[in-house]
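Asks:
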Amino acid sequence: MLTMRPCGRSVHIFPAKVLFCLFAVLFSVSVVVLLFDASPLKNPTFEIENDLRIQLENSRNFQQKINLANLTTSSIKYSHNGMINSYVESVNDINNRIKILEEKILNLEVKSGLMQDRKMVPNQLMEIQQNPSVECPFPKFDGYVYCEVKLKWMREMWKSDKCYEDWGVDGSECSIYKFLSEVEQWCPPINLEHQTNVVYPDTPFELAVVKDNLTGLYEILGDNFRYKWMKMRIQRMEKQWLEAGQIFASKYKTKWRKKKILLHMGLLSDESGWKIGENAFKGGPLGELVQWADLMTSLYVIGHDITITVSTADLRSTFDEYIIDASENCPLKATPFDVVYIDIRGMQMLRKVARKKFHLLQCRLRSVDSFGTEPEFNNPHYAARKQLTSQWGKWNLEPKQFNTMFPHTPDNTFLGFVIEQHGNMTAENLQKQNIALVYGKVDKFWKDKFTYIEALHSSSLEIHGTVDASNPPVQIPSFVINHGVLPGDELQALLRKTKVFVGMGFPYEGPAPLEAIANGAVFLNPTFSPATKQSEAAAKFYKGKPTFRRPNSQHPYAEIFIGPPHVRMVDIDDLEVVKSVVEDILNSPDVGPYMPHEFTWLGMIERLAHQVEMQDFCRKKKEVWPPLSAMQVIESDQSETCRDSCQSRGLVCEPTYFHKLNAEEAFKQLSIKCDIFLTPHQADEDSAYPAHRDGMCYLQSNSKLFSCAGRQTNARRLCPCRDYLKGQVALCKDCLLP
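Numbering follows UniProt numbering, with no gaps: position 672 of the sequence shown is 672.
1. With DSSP as the reference, label Lys-733 as helix, strand or coil.
2. Out of Gln-235, Met-237, Ser-327, which one is the CA nearest neighbour of Asp-166?
3. Once the 5 residues before and after Tyr-452 are set aside, which same chain residues still bring their CB inside 6 Å of it?
4. Taking only the alpha-carbon atoms, compute the straight-line gap between Val-183 and Lys-152 and give it to the nearest angstrom.
5. Would DSSP call Arg-568 helix, strand or coil?
6. Can you look up Asn-552 in the DSSP assignment and give me helix, strand or coil?
7. If we call anything under 8 Å between Cβ atoms a contact, is Cys-618 one with Cys-719?
8. Indicate whether at least one CB of chain D lies closer than 8 Å to the CB of Ala-538.
9. Shortest alpha-carbon distance to Pro-564 belongs to which of Arg-550, Leu-575, Asp-590?
10. Going by DSSP, which residues form a beta bridge with Tyr-341?
11. Measuring straight from C-alpha to C-alpha, what distance separates Val-729 and His-457?
12. Pick out the complete beta strand (DSSP E) segments inside the stretch 507-542, 3 residues or longer, and give them in chain order.
13. Tell me which residues share the same chain as Gly-168 and place their Cβ nearer than 6 Å to its Cβ, disregarding the 5 neighbours each side in the sequence.
14. Mind checking whether Lys-444 and Gln-475 have CB atoms under 8 Å apart?
15. Using the DSSP secondary-structure output, state which residues sit across from Met-631 in a beta bridge.
16. For His-566, which residues from the same chain have a beta carbon less than 7 Å from its beta carbon, with the 5 sequence-adjacent residues on both sides left out?
17. Let me know the secondary structure DSSP gives Leu-670 once reduced to three states.
18. Compare the Cα-Cα distances from Asp-369 to each of Val-209, Asp-170, Lys-545 and report the closest residue.
19. Quick check: the Cα distance between Lys-535 and Ser-529, rounded to an integer number of angstroms?
20. By alpha-carbon positions, which one of Glu-623, Phe-658, Gln-611 ends up nearest to Ile-634?
21. Going by alpha carbons, who is nearest to Lys-352 out of Ala-537, Asp-212, Thr-312?
22. Going by Cα to Cα distance, which pick from Asp-694, Asn-662, Leu-486 is closest to Arg-233?
23. Restricting to runs no shorter than 4 residues, where is the alpha helix (DSSP H) found entirely within the stretch 430-491?
24. Would you please state the rounded distance, in angstroms, between the beta carbons of Gln-638 and Leu-651? I believe it to be under 8 Å.
25. As a quick exercise: from Glu-664, Lys-726, Tyr-689, Lys-704, pick the residue whose alpha carbon is nearest that of Lys-140.
26. So, do the stretch 491-509 and the stretch 467-474 have three or more beta carbon pairs nearer to each other than 8 Å?
27. Express the C-alpha separation of Cys-136 and Val-31 in angstroms, rounding to a whole number.
28. Roughly how many whole angstroms lie between the Cα atoms of Asp-320 and Ala-244?
29. Could you check where the alpha helix (DSSP H) with Ala-249 kicks off and where it finishes?
30. Counting Cβ pairs, one atom from each stretch, are 3 or more of them under 8 Å apart for the stretch 335-342 and the stretch 259-278?
31. Please state whether the Cβ-Cβ distance between Trp-395 and Asn-412 is less than 8 Å.
32. Here's a check: name, in chain order, each residue in its chain whose Cβ is nearer than 6 Å to the Cβ of Leu-731, leaving out the five neighbours to either side.
33. Apart from the five residues on each side of it in sequence, which residues of its chain come closer than 6 Å, Cβ to Cβ, to Asn-81?
34. Please state the DSSP three-state secondary structure of Cys-163.
35. Just grab the DSSP bridge partners of Leu-678 for me.
36. Taking only the alpha-carbon atoms, compute the straight-line gap between Pro-738 and Trp-601 and give it to the nearest angstrom.
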């Protein structure tokens with residue numbers, strides 16, 4: 001193994017030594033990368049991976065020393081320009097190589113997992129179903145392509161790890177199938193008439209009791225400055241939260257299970273370096289803080305037991321005792337939390353803590369992911385094969401474990417947030433003025449927008465802004481009345497007077513336009529025509545996100561789910577049309593406030609209560625949710641996505657049902673002629689299956705690739721759709737508990 005002595009102690013005095021140490025690190029890293037590339041994956045003890053991890057840690061430590069040294073040209077007294085340039089290039093090189101090492105380790109983990117999944121594949125897979133146990137007759141394995149492999153492996157290897165015995169495996173067919181069906185979910189549930197012998201008894205649970213005050217939540221948040229903005233938002237809406245909780249309690253008679261829930265906000269950690277909590281009062285991004293504040297308040301009001309953490313040290317103290325001595329081969333018997341809400345940065349921190357046992361915690365996770373993660377970017381093997389690069393992807397969760405800000409990705413779960421609104425507002429009592437409030441708290445957002453803003457100003461609108469003025473803005477026109485970054489209550493007061501809320505094309509998909517609409521303002525939503533600056537900027541912004549989505553406007557939800565008269569689409573380069581739209585708004589009666597139910601306090605509590613109660617990615621429940629009674633099967637047009645196919649019929653794609661359609665019987669029920677059934681594996685996997693084309697019918701081999709958004713040229717897909725409640729797209733008529 002390559003080793004290195006820590007170097008760089010005297011970097012402020014001896015620049016030559018700095019360069020020597022840099023090149024030593026680069027040489028060591030290069031050798032390890034080359035060794036990795038040349039080494040076949042044969043060693044079950046993962047020595048290559050361990051070597052890589054050690055070298056990665058050394059590289060990171062050295063990078064940190066260099067950053068702390070904060071070398072500048074003035075501190076390198078005896079250097080010349082060539083040496084400085086060489087130093088800068090070397091630092092950039094080591095950063096790039098660190099990224100390469102991280103990618104290599106991730107790919108190694110993926111390959112290792114695939115090898116684990118495929119060990120001891122039997123020569124005759126049908127042998128298992130042709131000779132089932134009389135004691136436990138097996139159901140059809142449709143849609144569970146690895147069930148036969150796992151049965152064969154477990155029959156021969158159940159003694160290889162004591163954890164199998166701890167889970168009740170004793171070598172009998174029933175105990176093996178019970179484990180593979182109910183614990184690891186490689187196999188379908190056993191035939192109903194035999195279930196009484198294999199299901200787990202219900203464990204006792206405590207009931208969630210709706211809270212009538214928020215005292216406990218305020219104590220959890222304390223006086224920590226990074227929570228200050230969220231705490232102020234919660235306090236401002238306390239009355240509405242508690243009223244919604246009481247309405248919820250009277251509306252539903254269901255006995256909701258009280259769950260222990262961790263909320264880990266990696267975006268607020270010191271490790272992230274983002275300082276989002278500190279910058280919330282200086283014009284920094286607020287969308288994520290809005291969602292986290294509303295999430296924690298909803299969970300608390302419902303009656304769940306919540307804990308809030310932000311650091312790696314917090315995660316280590318929370319999970320170490322549960323995972324240090326745990327086997328990698330079996331699920332954990334116990335965990336400190338039933339559910340863990342966590343962001344992508346937080347998952348990076350958790351993976352650092354859990355390392356190769358991260359998968360043991362995965363089913364508990366709910367990733368708070370504003371823009372969403374589509375299945376193609378989530379599955380590491382598929383993403384690597386298709387070269388879908390994103391620093392936010394490859395988590396290999398169930399796609400529904402990603403929780404989004406808006407319902408733009410049916411493969412994910414719509415978590416949402418609450419639109420702030422105060423009082424019983426109507427068009428009559430709002431007292432609107434000819435004020436246009438521009439959406440953009442940062443000076444640079446106004447760059448190259450002068451002619452657009454001036455066109456609004458010339459249309460008899462008084463232009464207002466809320467741009468951070470800690471540094472004098474230079475992009476804002478002189479006629480704009482700038483209030484600076486306003487506290488929440490003052491911003492709400494300004495919105496109540498505002499007639500037009502002006503989008504400039506960025507930021508994308510934020511909460512502010514909906515708050516303006518809820519206060520009776522008309523939102524000017526810029527469209528992104530192809531081959532325009534706005535379209536190119538949006539494509540560049542979304543390119544690094546784990547999604548194929550490319551919005552056609554600044555706010556797709558406002559465009560699709562709200563529309564006129566509350567939302568008016570404008571091309572900001574067509575000033576005559578802009579003026580015409582503004583003139584129409586000024587000459588029309590005030591539109592009044594509008595707020596979709598899913599963005600109200602009650603709407604979010606209802607949605608979240610059902611999700612926490614019914615979503616089960618550890619698969620301890622026997623029932624499917626949303627229930628199968630809501631399913632409507634649609635055959636898509638050629639090359640059409642299931643998302644579009646369902647949406648065109650006033651329905652929404654529901655990926656939970658794909659398992660039901662991933663079977664030969666589903667094709668027969670739709671009278672689809674299949675000359676042959678194919679189940680492509682590995683290199684031939686595709687997110688468009690199940691589908692058919694030219695008499696060939698394709699089944700999905702990888703459940704993580706079930707995708708509403710997937711498409712394949714000339715193929716027609718089997719699409720699982722469902723209805724949804726007006727103003728609550730995450731729930732269907734049959735979804736609601738009594």
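Positions of the beta carbon are idealized from the N, C-alpha and C atoms, including for glycine.
Values in this document were obtained by computation on a predicted structure and should not be read as measured data.
Replies: Looking at the coordinates:
1. In the sequence shown, the residue the question calls residue 733 occupies position 733. Residue state, collapsed to three classes: coil.
2. Along the sequence shown, read from residue 1 onward, the residue named residue 166 stands at position 166. Comparing Cα positions, the closest option is Ser-327.
3. In the sequence shown, counting from the first residue as 1, residue 452 sits at position 452. For Tyr-452, where only same-chain residues beyond five positions count, the Cβ hits under 6 Å are Ile-572.
4. Here residue 183 refers to the residue found at position 183 when the sequence shown is read from its first residue. Here residue 152 refers to the residue found at position 152 when the sequence shown is read from its first residue. If I take the Cα positions, the gap works out to 17 Å.
5. For the purposes of this step, residue 568 is taken as residue 568 along the sequence shown, with counting starting at 1. It is a strand residue.
6. Taking the sequence shown and counting its residues from 1, one reaches residue 552 at position 552. Collapsing the DSSP output to three states places Asn-552 in coil.
7. Start at 1 with the first residue of the sequence shown, and residue 618 comes out as number 618. Start at 1 with the first residue of the sequence shown, and residue 719 comes out as number 719. Contact: no.
8. Here there is only one protein chain, and chain D is not present.
9. Numbered from its first residue, the sequence shown carries residue 564 at position 564. Looking at the Cα atoms, Asp-590 is the closest of the given residues.
10. Start at 1 with the first residue of the sequence shown, and residue 341 comes out as number 341. Answer is Leu-263, Arg-366.
11. Translated into the one-based positions of the sequence shown, residue 729 becomes position 729. Translated into the one-based positions of the sequence shown, residue 457 becomes position 457. Answer to the nearest angstrom: the Cα atoms are 38 Å apart.
12. 522-526
13. In the sequence shown, the residue the question calls residue 168 occupies position 168. Excluding sequence neighbours, Gly-168 sits near Ser-175.
14. Reading the sequence shown from its first residue, position 444 is the one you call residue 444. Reading the sequence shown from its first residue, position 475 is the one you call residue 475. In contact: Lys-444 and Gln-475 (Cβ atoms closer than 8 Å).
15. The residue given as residue 631 occupies position 631 in the sequence shown. Here Met-631 is bridged, per DSSP, to Arg-722.
16. Residue 566 sits at position 566 when you count from the first residue of the sequence shown. Cβ neighbours of His-566 beyond the five flanking positions: Ile-517, Val-522, Phe-523, Val-591, Tyr-594.
17. The sequence position of residue 670 within the sequence shown is 670, counting from 1. Leu-670: coil per DSSP, three-state reduction.
18. Against the sequence shown, residue 369 aligns to sequence position 369. Checked all of Val-209, Asp-170, Lys-545; the closest Cα to Asp-369 is Lys-545.
19. Reading the sequence shown from its first residue, position 535 is the one you call residue 535. Reading the sequence shown from its first residue, position 529 is the one you call residue 529. The identity of residue 535 in the sequence shown is Ser, whereas the question assumes Lys. Going from the Cα of Ser-535 to the Cα of Ser-529 covers about 6 Å.
20. Residue 634 sits at position 634 when you count from the first residue of the sequence shown. For the residues Glu-623, Phe-658, Gln-611, the minimum Cα distance to Ile-634 belongs to Phe-658.
21. For the purposes of this step, residue 352 is identified with residue 352 of the sequence shown, where counting begins at 1. Lys-352 has its Cα closest to that of Thr-312, out of Ala-537, Asp-212, Thr-312.
22. Counting from 1 along the sequence shown, the entry for residue 233 is found at position 233. The candidate whose alpha carbon is nearest that of Arg-233 is Leu-486.
23. Whole alpha helix (DSSP H) segments, 4+ residues: 450-457.
24. The count along the sequence shown starts at 1 and reaches residue 638 at position 638. The count along the sequence shown starts at 1 and reaches residue 651 at position 651. Not confirmed; about 19 Å, so no contact.
25. Reading the sequence shown from its first residue, position 140 is the one you call residue 140. Measuring from the Cα of Lys-140, the nearest candidate turns out to be Glu-664.
26. no
27. The sequence position of residue 31 within the sequence shown is 31, counting from 1. The sequence position of residue 136 within the sequence shown is 136, counting from 1. With a pLDDT of 45 at Val-31, under the threshold of 50, the modelled position of that residue is not reliable, and the figure given next carries that caveat. Computed Cα separation, rounded: 54 Å.
28. The residue labelled residue 320 in the question sits at position 320 within the sequence shown. The residue labelled residue 244 in the question sits at position 244 within the sequence shown. For Asp-320 and Ala-244, the gap between their C-alpha atoms comes out near 38 Å.
29. For the purposes of this step, residue 249 is taken as the residue at position 249 of the sequence shown. That run of the alpha helix (DSSP H) goes 238-251.
30. yes
31. Residue 395 sits at position 395 when you count from the first residue of the sequence shown. Residue 412 sits at position 412 when you count from the first residue of the sequence shown. No.
32. Residue numbering aside, residue 731 sits at position 731 when the sequence shown is read from its first letter. If we look at Leu-731 and ignore the five residues flanking it on each side, its Cβ neighbours are Leu-725.
33. Locating residue 81 in the sequence shown gives position 81, counting from the first residue. With a pLDDT of only 40 at Asn-81, under the threshold of 50, the placement of this residue in the model should not be trusted, and no figure is reported.
34. To locate residue 163, count along the sequence shown from 1; it is residue 163. Three-state DSSP puts Cys-163 in a helix.
35. Translated into the one-based positions of the sequence shown, residue 678 becomes position 678. According to DSSP, Leu-678 bridges with Tyr-698.
36. By 1-based counting over the sequence shown, the position of residue 738 is 738. By 1-based counting over the sequence shown, the position of residue 601 is 601. For Pro-738 and Trp-601, the distance between alpha carbons rounds to 20 Å.
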